[in-house]
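*Asks:*
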Amino acid sequence: MTVNRDDSWKSRTYIMGLILGAAIGLMSAYLFVRSAEENPETGRPEPIQTGTLITLLLAILGLMRQIAESGKPRRK
Numbered sequence: 000m001t002v003n004r005d006d007s008w009k010s011r012t013y014i015m016g017l018i019l020g021a022a023i024g025l026m027s028a029y030l031f032v033r034s035a036e037e038n039p040e041t042g043r044p045e046p047i048q049t050g051t052l053i054t055l056l057l058a059i060l061g062l063m064r065q066i067a068e069s070g071k072p073r074r075k
């Protein structure tokens, strides 16, 4: 399979998305662990509430939608 010059931007976009996603995920996990370690009683994380998970998922979906919309051509 050969890669055309027209398709090289796709590969670069996927690679950048992978790198940025991994970096953001790693930083988020680090911050989560650090805040859990500050718990003086157990030093472990508390169970995440369902409402918090739903809020996070909706925020992630909103961010993904904004990213997808930024790839569309602008209307004149």
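For the sequence shown, numbering that gives the first Met the number 0 begins at 0 and goes up steadily by one.
Glycine included, every Cβ here is placed at the ideal spot set by N, Cα and C.
Do A35 and P44 have their beta-carbon atoms positioned less than 8 Å apart in this structure?
*Replies:* yes
*Asks:* Would you tell me roughly how many angstroms separate the C-alpha atoms of I14 and G24, rounded to the nearest one?
*Replies:* 15 Å
*Asks:* In terms of residue numbering, what span does the alpha helix (DSSP H) encompassing K9 cover?
*Replies:* S7 to E36
*Asks:* Run through DSSP, which three-state label would Q65 get?
*Replies:* helix
*Asks:* Quick check: what's the CA-CA separation for K9 versus P39?
*Replies:* 47 Å
*Asks:* Quick check on I47: does DSSP put it in helix, strand or coil?
*Replies:* coil
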